Every structure is written in C-alpha cells, then in structure tokens.
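Undergrad:
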DNA sequence: ATTAACTCGAACATCAGTGTTCAACAAGAG
DNA sequence: CTCTTGTTGAACACTGATGTTCGAGTTAAT
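Protein chains in written order, with my numbering: chain D, 6 to 214; chain H, 6 to 214.
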C-alpha cells in the first residue's frame, strides 16, 4: 500500500467506514478536483463548501491540505494513465501524434491547473516522477518521428515536448476563459503541433479528426 | 499625471528627494523587477533584501505591495513599448514575424512572470489594457499575413496569438529552468511559430537569424 | 556644523488560511 | 431501538505575510 501518507479509506485499524462517510469522501475528492483544476490556490473552505460539507468534516477525512492534494493527484494520475496507456503510438507518426493529442486533451482539460497545486503541496518527488512519465510518452513518439523523417530534426525533442505541453495548456486556459470552445481544443492543438513538427522545407499536413 | 496612485518620486508637496533616497528607490525598483519576474509570489521581504535595504525603508517609498507592483509594471511597460514601437512590421510577413519575436524575446525574458504579479495586485484594468496592446501588435501582423496568404487562414488569429505568447513564455521558463540557453530562445520560438503559421499544404520556411 | 531627510531593526497590530478541540446533534448499522 | 460512527458550527491556537510605529543612529544638503 503506497497511499502516500494520509488516511481516507479506513483508519489504521478498524471496521469499514459508514455509508455516510464514503459518500462525503467522494464528494470532497470530486469538489477538490474541480476547484484545484480551476485555481491551484483554492482554499480548503472553498473545497468543503463546493462539496457541501463542513470544514471540520473534511479535516476528519484528510489530515492536511497536502494529504488532500496528494489523494486528488493520485486519483488523477491513475485515470490519466488508464486513458493514455491504451493509445496506439505506432504507425504513421503524424497520425499517432494526433491520437496522443486527442487523449491528452481530455485529461488536461479535466485536471487543468491541478499540477500546480501538486507542485506546491508535495515536496516535488512523486510530482517530478509523474511529470517525467507524461513527458516520456511524448518523447518516444517524437523521437521515432524524427528518425523516420516525419518530424523535423533541427529542434531538440525536449523543446518539441515543451511546446506540446505549453500549447495544450494554453488551449485549456483559453477554454476556461471562454475564448475557445472545448470541442475545438484538439483540432487547434493538432493544427499547431503538426505545423511545429513538420520538417523545414516539408509540407504541412492537413489535420484529420 | 497618471502615476497610478502611489508616491515614490516626490511627495505630494515638497522639495526633491535626497540623493540617498533616489539611489534606494532605483535599487528597490530593480530588485522588485528581478524578483517578481522570477517568482510573482515574491515577498516584500525578499525584494527589500535583494535591494540591500530594510523592509521599513521600502515601505517608506511605496505605500503598499500594490503600489510597488504598479510602479514596476509601469516601468516595464514603458520599456516594452519603447522596444517594440521601433519594430518594422511591414514587408514580408514571415520576416516581420521573426523580427517581432526577436524583440518580444528580450522583453519577455527580462520581465518573465511579472505579468502574473500584476494580475494579482492590480484590479485587472490597466493590466488588461496593456495586455491588449501587446496582443494587438501581433494580431495586426498575423491578420495581414493571413490576407496575403503567407499565414494559414484556417485558424483564428486569436489562437495564433495565444500560441505565440504561450510558446514564448514556455521558452522563458525553459531558460529559467536551465533546459535551454538564453541565446537559443528566439531561434526556438521562430522555428516553432514559422511552422504554426505556415498554411496547410504550404512549405515550412527556414528560420533566418 | 547644523538641520532636515533618510535608514533601520525591533516590536506591534491585522488579516487570512490552516489545523484542532468541543459539545450538541444526525444518521447509519445491528 | 440503541449504540456507535459521523457531522457540524463556534471558538481557539498558530503561522506567514502585510503594514505601521517608534526611537536611535546616519547621511546628504546648505
């Protein structure tokens, strides 16, 4: 059991929690996810209120802010992994990149700024680890595309990954600000990234999807 | 006189400040710029310390955190304008875009996250105004390029501007994190943006500079 | 050299967010 | 129904950051 440190499921020793409690824990987790995804500085008060629960109740289930953030982050990472592990990164690199972007979009759109909250609350260990995993996935694909000549070789892979993350985050922010429709997100990111990755002197492909 | 609200130069009525004072004010302004550009949450304490000055002295010159941020932001905007107003946005749109990026780079690299600090301290009025000015410059160029067929027309200009800002900011962050050399910044941004703006089916141009 | 402007550290008041404690009360499990 | 588990608001202690005040010591101007 590597549940970070905080308790939430069952105490160190004791019988299963009451139905009431399980319901509230779920509500808190959901509320925290939404609040922190929107604003990484969200108050414990705001989270409790959004969950329709008293602040004391929240502290009854999560020792501290850090514990809560850790729980939320853990759940988010689990879902992110489960979504991303099924993506086929093989075949035409250009098509694979679009698939990766499509899958990443859903996750990023839901969990938005949660990473920032995690970076502040957690001593940057599991965070770095998780972040590295995310990057590694994209890195492998981009590197393969470079070797096959599908992607430009004159820019370091790390920079391409950075741009991908940056553009994705920008799209999420734009949606949050009402400047972009959520459904247009993937197309915008794909269009941009297909341009970025096209080799100099190459022809920019049409986004498909 | 639209000096926002805070005093710093001369009191409401009185003779010119002492040499000593002017020196310190300059040091504080410089330190604040550097600190806030690195971390928008920088403490007044950190700023004072970086300026080699006591906290009380700082408050003697700037009424509040907001006043200080406003002063720093004002100065930054002034320099940004003075740098950007000379840029020739005419001629070949592709070349003009690279010139714009080059000029923007210097400014962004120096003032980094200062915008964030301003957004939090100032009630989002002059900030929005200034931000809009910055965007307008890029918008005009990109729109012209779209009309002339140099830039892709199938993406809204606002999205292209967003990507430009996003990528620029990402480059600055990368430099701060030691993942990128400062001198490589403009080339990386240009390469990326030239790809982004190239019309579908068009050939990605080689960055020059 | 005298004076007014300035600096500085220490101490204080304030404020917001975090956690904790308590005692009354509500609700699930048997 | 009863007993245990949970919930709740109010009140409290604690922390870190912001501003303020004071008095003693410096420093620039004239």
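Ideal Cβ placement from N, Cα and C applies to all residues, glycine included.
These figures come from a predicted structure and were not determined experimentally.
Please classify residue 112/H: does DSSP put it in a helix, a strand, or coil?
TA: Of the three classes helix, strand and coil, the one that applies to residue 112/H here is helix, per DSSP.
Undergrad: Going by alpha carbons, who is nearest to residue 187/D out of 196/D, 195/D, 176/D and 100/D?
TA: It is 176/D whose Cα lies nearest to the Cα of residue 187/D.
Undergrad: Taking residue 160/D as the query, report the chain H residues whose CB atoms sit under 8 Å from its CB, ordered along the chain.
TA: Correct list: 193, 196 and 197.
Undergrad: Which whole-angstrom value is the C-beta distance of residue 146/H and residue 94/H, which I expect to be below 8 Å?
TA: Contact flag correct, Cβ pair sits at about 5 Å.
Undergrad: Using beta carbons (cut-off 8 Å, strictly below), is residue 188/H in contact with chain D?
TA: It does not: the Cβ of residue 188/H has no partner Cβ on chain D nearer than 8 Å.
Undergrad: Run the CB neighbour count on residue 208/D, radius 10 Å, all protein chains shown included, and call it buried at 16 or more, exposed below.
TA: Per the 10 Å Cβ criterion, exposed.
Undergrad: So residue 204/H contacts chain D; which residues on that side make the cut at Cβ distance below 8 Å?
TA: Simply 209.
Undergrad: Would the beta-carbon of residue 41/H fall within 8 Å of that of residue 88/H?
TA: Contact flag unset, no.
Undergrad: Using three-state DSSP, classify residue 58/H as helix, strand or coil.
TA: Here residue 58/H sits in coil by DSSP.
Undergrad: With distances taken Cα to Cα, identify the nearest neighbour of residue 102/H among 84/H, 122/H and 192/H.
TA: Checking every option, the nearest Cα to that of residue 102/H belongs to 192/H.
Undergrad: Which residues in chain H sit within 8 Å of residue 171/D, going by Cβ to Cβ distance?
TA: Neighbours of residue 171/D on chain H, chain order: 171, 172, 174 and 175.
Undergrad: Starting from the beta carbon of residue 184/H, find every residue of chain D whose beta carbon is closer than 7 Å, and list them in chain order.
TA: Neighbours of residue 184/H on chain D, chain order: 163.
Undergrad: Roughly how many angstroms separate the alpha carbons of residue 37/D and residue 121/D, rounded to a whole number?
TA: Residue 37/D and residue 121/D: Cα-Cα distance of roughly 14 Å.
Undergrad: Would you identify the three-state DSSP class for residue 74/H, choosing helix, strand or coil?
TA: DSSP places residue 74/H in helix when its eight states are reduced to three.
Undergrad: Mind checking who residue 208/D pairs with in its DSSP beta bridge?
TA: Answer is 208/H.
Undergrad: Report the option in 21/H, 34/H, 133/H and 163/H whose CA atom is closest to the CA atom of residue 64/H.
TA: Ranking 21/H, 34/H, 133/H and 163/H by Cα distance to residue 64/H puts 34/H first.
Undergrad: For residue 165/H, which three-state DSSP category applies?
TA: Helix.
Undergrad: Measuring straight from C-alpha to C-alpha, what distance separates residue 97/D and residue 91/D?
TA: Answer to the nearest angstrom: the Cα atoms are 17 Å apart.
Undergrad: Assign residue 29/H to one of two classes, buried (16 or more other C-beta atoms within 10 Å of its C-beta) or exposed (fewer than that).
TA: Its Cβ being crowded by 16 or more others within 10 Å, residue 29/H is buried.
Undergrad: In chain H, which residues lie less than 9 Å from residue 179/D when you measure between Cβ atoms?
TA: Within chain H, the residues near residue 179/D are 163, 164 and 167.
Undergrad: Taking any Cβ of chain D, which residues in the region 131-154 of chain H have a Cβ under 8 Å from it, in chain order?
TA: So the list is empty, because no residue satisfies the distance condition.
Undergrad: Excluding the five sequence neighbours on either side, which residues of its own chain have a C-beta within less than 8 Å of the C-beta of residue 118/H, listed in chain order?
TA: For residue 118/H, where only same-chain residues beyond five positions count, the Cβ hits under 8 Å are 41, 42, 43, 44 and 45.
Undergrad: Quick check on residue 19/D - is its C-beta less than 8 Å from some C-beta in chain H?
TA: No - not a single Cβ of chain H is within 8 Å of the one on residue 19/D.
Undergrad: Is residue 155/H near residue 99/H, with beta carbons less than 8 Å apart?
TA: Yes, the Cβ-Cβ distance between residue 155/H and residue 99/H is below 8 Å.
Undergrad: Taking Cβ positions only, does residue 117/D come closer than 8 Å to chain H?
TA: False, the Cβ-Cβ gap to chain H never drops below 8 Å.
Undergrad: Just to confirm my understanding: we take residue 190/H, look at its own chain, exclude 5 residues before and 5 after, and list those with CB closer than 7 Å. What are they?
TA: Same-chain partners within the cutoff: 110, 114, 176 and 180.
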